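If you count the sequence shown from 1, you need to add 22 to reach the working numbering.
Just so it is clear, CB atoms sit at the ideal spot from N, CA and C, and this is done for glycine as well.
The model shown is predicted, which means the values in this text are computed figures rather than measured ones.
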Amino acid sequence: MSKLSDPWTARQQRHLAFISEFTTDIMHVSGKSNMVADCLSRAALGNVVLDIDYDAMAKVQKEDKDVKANFALTNGQYTSTSKKV
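(1) What residue range does the alpha helix (DSSP H) around L38 cover?
(2) Can you name the start and end residues of the alpha helix (DSSP H) that M79 belongs to?
(3) Does DSSP classify L62 as helix, strand or coil?
(4) Does DSSP put M49 in a helix, in a strand, or in coil?
If you want it as structure tokens, here you go:
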């Protein structure tokens with residue numbers, strides 16, 4: 023009995039096995055059935071605020087004690103009783 027040779031080499035078989043593990047089913051879904059495309063194509067304009075008063079915001083932040091405390095901590099200026107190492 024003689025052994026029949028495979029139509030693909032061992033390297034080709036490994037390559038096909040690798041490809042078959044990561045294939046996906048890509049297809050066109052038309053119309054309103056395509057929920058992903060419908061959601062991604064909508065512009066979210068409901069939450070856009072165009073009239074921000076940055077000067078007023080800066081003034082309020084300069085006067086706010088929590089903002090001052092956080093600013094001091096992020097800049098290494100500890101205002102608590104802990105010692106700076």
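So, from the listed chains and residues:
(1) A32 to E43
(2) Y76 to E85
(3) helix
(4) coil
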